[in-house]
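J.: Dumping the structure here so I can ask a few things about it.
There are 2 protein chains.
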Amino acid sequence: MSFEKDLLQAKRGNLGQLLFRCSRLLNEQGVSRIQSFFPGVRASHTSLLPHIDLEGTRMVELARRAGISKQAVGQLVQEMEGLGLLVRSPDPEDGRAWRVSFSELGRQALLQGLAQLRQMQQEMKMALGRERVERLVEDLGCLLDYLESKPAVTQGESSVPG
Amino acid sequence: MSFEKDLLQAKRGNLGQLLFRCSRLLNEQGVSRIQSFFPGVRASHTSLLPHIDLEGTRMVELARRAGISKQAVGQLVQEMEGLGLLVRSPDPEDGRAWRVSFSELGRQALLQGLAQLRQMQQEMKMALGRERVERLVEDLGCLLDYLESKPAVTQGESSVPG
DNA sequence: ACTAGTTAGTAAGGCGACTTTACTATTTTG
DNA sequence: CAAAATAGTAAAGTCGCCTTACTAACTAGT
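Read top to bottom, the protein sequences are chains A and B. Mapping to my numbering: the first sequence position 137 is 209, numbers consecutive. Mapping to my numbering: the second sequence position 104 is 176, numbers consecutive.
Next comes the structure, spelled out in C-alpha cells:
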C-alpha cells in the first residue's frame, strides 16, 4: 500500500482526466473558431443545436434530448432567437407549445460551423493520422454506449477510516 | 451543399460531442462513487487533487497547474480543509505563502478514491476489452498533446452570410 | 359539459464554479 | 531602502444551470 506509487500511477494514464482535458480543449477551440465569425454565440448554445430538427422541435423535447431543464432551454432559445439564429413558431397541434427551428441565417451559420468542425478534424487527422482519429471516434462510441448503459451507482458502503 | 446531409453527418461521429459526453458521464459516475463513502466532496474538489504534491504545494502553483485562478483554488482548499482532507501550513521559505498538503484522513480518503477509480477501469476493461481501453488511453494522450500544442486560433475572417 | 389531472412554457430566485478588480502582507531587486 | 513583484484574501459579478412556483392549454372521466 504505497501511497506515492498509487498517486503516481493515478496521475499518468487516468482515463477520466484525459477525457476531461481533451473535451475541454477541443470544445474551447471549436467555440473560439465559431465566435470568430459569429460573435455572441456561446458554448452553451451549441449544446442545443444537434437536437433541433429541421421541421422544428418543441422546447420540452429539446430539454429531454439535451438532458437539461425546460427553463434552461427557454433561456438558451431566447438568446439564440435574439441573435437571429432560431425562430419560434406556435405549434399548430398544441396551443401551449412552440416549435423551435433554424432561421435562414441560422442555417447558414450552422453550415459554416460544421465546415469549421470538419476542418478541425481534418487538421487533427493530418497531425495524428487518419487511422488514429477514426479509431478514437469508434472507441469513444463504444465507451459512451457502455457508460450510458450503467445503472448509476452499484456499490456497497465503505467505511471511512479515521 | 445539402443541409440535411451535413447535419446528419455531424450528429454521428462527432469527436467533440463524444468526448464531452463520455467525460461528463465518467466524471459523474466517479464522483458519485466517491461521495457514497465520503459525503461533502464535490466534483470540483477532485480537480485539484492530482496537483497536490506529497511534500505540499503552494496555492499559486496549484492554480497554475489546474489552470484556474488563485481565488478559485483558495475557495476549494478552504472547503477541503473544512472537510478535514487537506491542511495548510506556512511555507518556511516564504512568509506570504502556504503549503497545501494531505491530512492523514485525506491520504486515506484518496487511497479509497483511487481504489474506486481502478475498479471502474477494471469493470470497463471487462466490458470493452483490455486492449480497447488501453488503446483509448494512448490515443487520448496523443490527442491531448496535439490539442495542447495548438496556439489558440489560427484563422482568417470568414464572411457571415445574410 | 364540467371538473380533475396533466403538460408546455414562464418567472423568480438560488447555487456551483468559476472570473475580474482591488486590496494587504510579504519578499526580492536595483 | 524604496520600487517592483509575488502570495494570498475580499468582494462582487458572470455563466450555466436547477428548484419551486406559477399560468395557460390540453385531455379524460363522469
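Where a beta carbon is used, it is the ideal one built from N, C-alpha and C, also for glycine. If you're wondering where the values come from, they're calculated on a predicted model, not measured in any experiment.
1. Can you list the residues of chain A that A199(B) reaches, using a CB-CB cut of under 7 Å?
2. Mind checking if E76(B) is an interface residue toward chain A, Cβ cutoff 9 Å exclusive?
3. Using C-beta distances below 8 Å, list every residue in its chain close to S116(B), excluding the 5 sequence neighbours before and after it, in chain order.
4. R171(A) CB to nearest chain B CB: under 9 Å?
5. Could you check whether the Cβ of V159(A) sits closer than 9 Å to any Cβ belonging to chain B?
6. Here's the rule I'm using: 16 or more other beta-carbon atoms within 10 Å means buried, otherwise exposed. How should S141(B) be labelled?
7. Mark M131(B) as exposed unless 16 or more other C-beta atoms lie within 10 angstroms of its C-beta, in which case mark it buried.
8. For the region 184-211 of chain A, enumerate the residues whose C-beta is nearer than 7 Å to any C-beta of chain B, in chain order.
9. Would you call the CB atoms of L91(A) and L120(B) closer than 9 Å?
10. Which chain B residues are close to Q147(A), counting only those with a beta carbon under 9 Å from its beta carbon?
11. Is the region 169-186 of chain A touching the region 187-200 of chain B, taking contact as three or more C-beta pairs under 8 Å?
12. Can you look up F92(A) in the DSSP assignment and give me helix, strand or coil?
13. Given a threshold of 16 other Cβ atoms within 10 Å of its Cβ, counted over all protein chains shown, does R190(A) qualify as buried or as exposed?
14. To the nearest angstrom, how far is the alpha carbon of R114(A) from that of K222(B)?
15. Are there three or more Cβ pairs, one per stretch, closer than 8 Å when the region 148-163 of chain A is compared with the region 205-213 of chain A?
16. Should G154(B) be flagged as near chain A, meaning a C-beta pair shorter than 9 Å?
17. Just to confirm, is the Cβ distance from I124(B) to S161(B) under 9 Å?
18. Helix or strand or just coil, what does DSSP make of F174(B)?
19. Does any C-beta atom of chain A lie closer than 9 Å to the C-beta of S116(B)?
20. So the alpha helix (DSSP H) L208(A) belongs to, where does it begin and stop?
21. List the endpoints of the continuous beta strand (DSSP E) containing S161(B).
22. Between the alpha carbons of G138(A) and R136(B), how many angstroms are there, rounded?
23. Can you check whether the C-beta of G102(B) is within less than 9 Å of a C-beta belonging to chain A?
24. Rounded C-beta distance between G185(B) and L98(A)? I'm assuming under 8 Å.
25. Given this structure, state the Cα-to-Cα distance separating P164(B) from F75(A), to the nearest angstrom.
26. Taking C-beta pairs closer than 9 Å, name the residues in chain B that V98(A) reaches, listed in chain order.
27. Which residue from R105(B), E127(B), R93(B), K77(B) puts its Cα closest to that of A187(B)?
28. Between L134(A) and chain B, is any beta-carbon pair separated by less than 9 Å?
29. Can you give me the Cβ contacts of G146(B) inside the same chain, cut-off strictly under 8 Å, excluding the 5 residues immediately before and after it?
30. L155(B) to V103(A), Cα distance in whole Å?
31. Have a look at R202(B) and M192(B) and give me their C-alpha separation to the nearest angstrom.
32. Can a CB atom of chain A be found closer than 9 Å to the CB of L120(B)?
T.: Reading it off the structure:
1. Y218
2. yes
3. L148
4. no
5. no
6. exposed
7. buried
8. Q184, L186, L189, Q193, M196, A199, L200, R204, R207, L208, V209, D211
9. no
10. Per Cβ cutoff of 9 Å: no residues; Q147(A) is ~20 Å from chain B at best.
11. no
12. Helix, per DSSP.
13. That one is exposed.
14. 21 Å
15. No, the region 148-163 of chain A is not in contact with the region 205-213 of chain A.
16. no
17. Result no, Cβ atoms of I124(B) and S161(B) do not sit closer than 9 Å.
18. strand
19. no
20. Bounds of the alpha helix (DSSP H) holding L208(A) are 202-221.
21. 158-162
22. Residue identity check: residue 138(A) is Ala in the sequence provided, not Gly. Put simply, the backbone Cα of A138(A) is about 33 Å away from that of R136(B).
23. yes
24. G185(B) to L98(A), Cβ: 27 Å. No contact.
25. 25 Å
26. The sequence given here places Leu at residue 98(A); Val does not occur at that position. In chain order: L87, G88, L91, F92, L215, L219.
27. R105(B)
28. So no, L134(A) is outside the interface.
29. If you ignore the 5 residues before and after G146(B), its C-beta comes within less than 8 Å of the C-beta of M131, all in its own chain and listed in chain order.
30. Between the C-alpha atoms of L155(B) and V103(A) there is a straight-line separation of about 37 Å.
31. 13 Å
32. no
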